[in-house]
Amino acid sequence: MAKISFNVDAYTARLIGRENVSKLNGAIIELVKNTYDADATICVLYYEKTTNSLYIADNGCGMTKDVIIKHWMTIGRSTKKKQFISKSGRVQTGAKGIGRFALDRISDTCEMFTASAEGKLIWKVDWEDFSKSDNITDVTADLYEPTVSIDVFLDEVINYEVKNIILNNLKNTGTIFRLTSLRDSWNDNVIKKIKDDLITLIPYEMKSEFQVYFFDEQNSSEDAEVLDVANAFSYDYKIKFNVLIDGKTYIEIHRNEFDFGDRFDEIITQAEFTSEDEQYFKGKYICIETNFAHMLPKRGEQLKNTIGEFSGVLYFEKATYSKTDAEKYFYKLSNNRNNKRDIFGGIKIYRDSFRVRPYGEPKTSDYDWLLLAGRKNKSPAAPSHQTGAWRVNTDQIIGSIFISRMNITLPDQSNREGIVETKEFVLLKEFLINVIQEFEKDRQYVFRKLDARYDKIMEAARIQAEINKKAEEAKAAREDKKFLGDSSERNQKSEYAKSFIDPEEAKTVLDHKDTVIKNLEDENRLLRTLATTGIVTNTYVHEIKDITHKLSRKIVMAKEALELDSNLQAGLKYVNEANVMRESLNSWFKVTIGSVTRDKRTMKKTDLNLLISQTVKSWKETLKNVSIDLEFQGSEIQLKCFPYDIESIFSNLIANSVSSFESCFSDNKSIKIVVSDLEKEIIIKYSDSGRGLSLAYKNNPRKILEPMESDRRNEMGETIGTGMGMWIINRTVVDYNGSIDLSDNTKHTSGFYATIKLIKK
1 MAKISFNVDA YTARLIGREN VSKLNGAIIE LVKNTYDADA TICVLYYEKT
51 TNSLYIADNG CGMTKDVIIK HWMTIGRSTK KKQFISKSGR VQTGAKGIGR
101 FALDRISDTC EMFTASAEGK LIWKVDWEDF SKSDNITDVT ADLYEPTVSI
151 DVFLDEVINY EVKNIILNNL KNTGTIFRLT SLRDSWNDNV IKKIKDDLIT
201 LIPYEMKSEF QVYFFDEQNS SEDAEVLDVA NAFSYDYKIK FNVLIDGKTY
251 IEIHRNEFDF GDRFDEIITQ AEFTSEDEQY FKGKYICIET NFAHMLPKRG
301 EQLKNTIGEF SGVLYFEKAT YSKTDAEKYF YKLSNNRNNK RDIFGGIKIY
351 RDSFRVRPYG EPKTSDYDWL LLAGRKNKSP AAPSHQTGAW RVNTDQIIGS
401 IFISRMNITL PDQSNREGIV ETKEFVLLKE FLINVIQEFE KDRQYVFRKL
451 DARYDKIMEA ARIQAEINKK AEEAKAARED KKFLGDSSER NQKSEYAKSF
501 IDPEEAKTVL DHKDTVIKNL EDENRLLRTL ATTGIVTNTY VHEIKDITHK
551 LSRKIVMAKE ALELDSNLQA GLKYVNEANV MRESLNSWFK VTIGSVTRDK
601 RTMKKTDLNL LISQTVKSWK ETLKNVSIDL EFQGSEIQLK CFPYDIESIF
651 SNLIANSVSS FESCFSDNKS IKIVVSDLEK EIIIKYSDSG RGLSLAYKNN
701 PRKILEPMES DRRNEMGETI GTGMGMWIIN RTVVDYNGSI DLSDNTKHTS
751 GFYATIKLIK K
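This is the structure:
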């Protein structure tokens, strides 16, 4: 029996390479990556328009004859598959053994001069031979020892500085490719795009270890540097993080946005910053030590770090700011800020120090691959907002995420255009959002402190200025009276009166202003109540639909029993059952539509005990089929309020508790509300026996008060809550100058606990 071997059509082999290196920019980047893998410290690219040729040179380790024959000439074979750590300790980037087809993508012919520790070699190939031959084994390349030196090999180079930099750096080992008959038209736009891609090819932090030059026929070495390392960009915040393979996570946050100058101690005291804050403003990093599972709390405490070790650095810089804000928040002003957003903008991923495209690519849909813009649109609050959650916009943050070929659960796509969307890639994106959120919380904390200080100082300054002005006016009036004498007293009074605003006119204007503000506040309250109605309805829409369907069926069955069967007894039975469905449906209307009736939209003295009792009763009727014990303890309390505000608080709390009971299997499902009356405030203690806050909020329960934060999830772990209920409660409580204490949630493994204080008006 004969043994026959497989072969490959030469053109098919070429197509394999073309599919994996399909674009000119990708081909250039692939070859630059190879120079890095060869332990080079510089890579020189030189485009010569006159001869339509491209040179690529590096001072790496070069290639031996054995490597060229056994690996370079074997498609799909790479020395990096097994030995992927270079002699200098670099993790090598390529392993597919097809990067050499990048040469075919760029030009028709290629000549390589390589110098290794074993000697010098020249390798030449005409890529068009792949189209002329039938089988891959029929295609050959020339390999021989050179009879000329490197400087002679570069003899045709027009730009003298290119020769200079190559000869000065390739003294012992290195490789030079001379590519002729280029396939593309290298116009200014093509060259600019290649340069821009090279700038972000390796992370900014590594420019001193590996420098890339791009020459044309005329530019100097200084101009050819792809990025001047000394020309660093400034930032307002810097966030560094590192995740170890065992899940240990370290985050460092550097505040670089604020400058209190000579008033440092004064501002620290007035804004009531802590002693730790004082050190942070002086340059000390905020250090957070946690673990991978805690950074992804919504995934559960048992989550393991299946991504592997990875790290990153992010920079935040304001896009614009006003002079008023600069003075109010003490921005650190710099005259040498460089706007590099068009190049460095976006968050980029680097594998083994080389960029993974297309993440963070300007002017593409992948620029905002973390969907920061959509996140910002959902929560557009200013950083100084006292209850809203400020979110960074996509054009305000740049950064580098560092992974490695050791992160096997984040594999590259075969076309080198991105990472395969594995489960771990989803986890990586969630992790990065949560790292960004740590910075957002710190910045908003500072802004809230400075904003409160400004309001307090400016109000005192306004009052003092008004007192000083009135005192000066009164003093001037007295002096004028003495000078003019009694004969002109009447005229003096007339002129004196002109310097003041008519009190009645002022009162009219102020009353109108107060009316406008009151109307806006009332409208805001109504919208919050309507939102609560929507939240409750959305939460239980399936139950409501089920009741509606059953009601409809009972009516149809009653109609058929009477009309078709003339069965009065059966018809009456179905009507009674339909009436039960109707009552159940009415109970839902009471806890939704009933909260926005006109009588509840008026500020008035309200019997709080009666109001809460009625709300609890409505919910009991609604929940009578789900075995939830709803207990209320209260006393005679009068509170001047909008009744629908109070109902909104309890409807949101109870709705959250019912949702919590749906995801736990306890037979003891209870809700307890205790309201007590103190001299100047009302204390509401709310608790339930549900599953409690998840790990995402357990250690920092106040986070649940921010907009778009929801602890309600489906079986797949996906968020299905609106994230507005607790925020509405908090906003309502703030309107009554009250507060919410959620600290008891950190002391219990299950159950939800809230203590609400409302100040009596």
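The opening residue of the sequence shown carries number 1 in the UniProt record's numbering; numbering runs sequentially from there.
All C-beta atoms in this analysis are idealised placements derived from N, C-alpha and C, irrespective of residue type, glycine included.
Just so we're clear, the structure is a prediction, and the values are computed from it rather than from any experiment.
Enclosing alpha helix (DSSP H) for residue i [first to last residue]
i    : result
E662 : P643 to E662
R731 : G725 to D735
V162 : Y160 to N169
R105 : F101 to I106
K348 : Per DSSP, K348 belongs to no alpha helix (DSSP H); it is in the beta strand (DSSP E), G346 to R351.
V152 : I150 to F153
T269 : F264 to Q270
K698 : L695 to K698
Proximity of residue i and residue j at Cβ, strictly below 8 Å
i    : j    : result
D58  : A27  : no
I756 : Y697 : no
E417 : R357 : yes
F316 : Y204 : no
D677 : I637 : yes
F402 : Y359 : no
F431 : M295 : yes
L182 : I106 : yes
I166 : V67  : no
D108 : W127 : yes
D451 : S384 : yes
L639 : K760 : yes
N393 : K332 : no
F241 : V435 : yes
A174 : G62  : It is Gly, not Ala, that sits at residue 174 in the sequence shown. Cβ distance < 8 Å, so G174 and G62 count as in contact.
I307 : N407 : yes
A655 : G725 : yes
Y454 : K328 : yes
DSSP state of residue i mapped onto helix, strand, coil
i           : result
L333        : coil
S400        : strand
A115        : strand
Y285        : coil
H254        : strand
Y753        : strand
S743        : helix
I628        : coil
H748        : coil
D607        : strand
S365        : helix
Q444        : helix
F439        : helix
residue 842 : Residue 842 falls outside the range modelled here, since the chain spans only 1 to 761, and no answer is possible.
T64         : coil
Q614        : helix
I555        : helix
L432        : helix
V125        : strand
T387        : coil
K248        : strand
N393        : coil
Where the beta strand (DSSP E) through residue i begins and ends
i           : result
F241        : Y237 to V243
residue 814 : The shown model of the chain, from 1 to 761, leaves out residue 814, and the question about it has no answer.
K195        : Premise fails: K195 lies in the alpha helix (DSSP H), D188 to I199, not in any beta strand (DSSP E).
V356        : F354 to V356
Beta-ladder partner(s) of residue i, from DSSP
i           : result
Q211        : I42
E48         : S53
R375        : BP columns for R375 are empty, so no partner.
residue 767 : Because the chain is modelled from 1 through 761, residue 767 falls outside the range shown and cannot be assessed.
K33         : For K33, which the question treats as bridged, DSSP gives no partner whatsoever.
R178        : Y55 and E111
Q218        : DSSP lists no partner for Q218.
D412        : I419
K640        : K605
S670        : D629
F120        : According to the sequence displayed, residue 120 carries Lys and not Phe. Bridge partners of K120: A115.
Closer than 8 Å to chain B by CB, residue i
i    : result
D442 : This model lacks chain B altogether, as it is built from one protein chain only.
List, from N- to C-terminal side, the alpha helix (DSSP H) runs of 4 residues or more that fit wholly inside the stretch 275-329.
Runs of the alpha helix (DSSP H) spanning 4 or more residues and lying entirely within the stretch 275-329 occur at 275-281, 292-295 and 323-328, in chain order.
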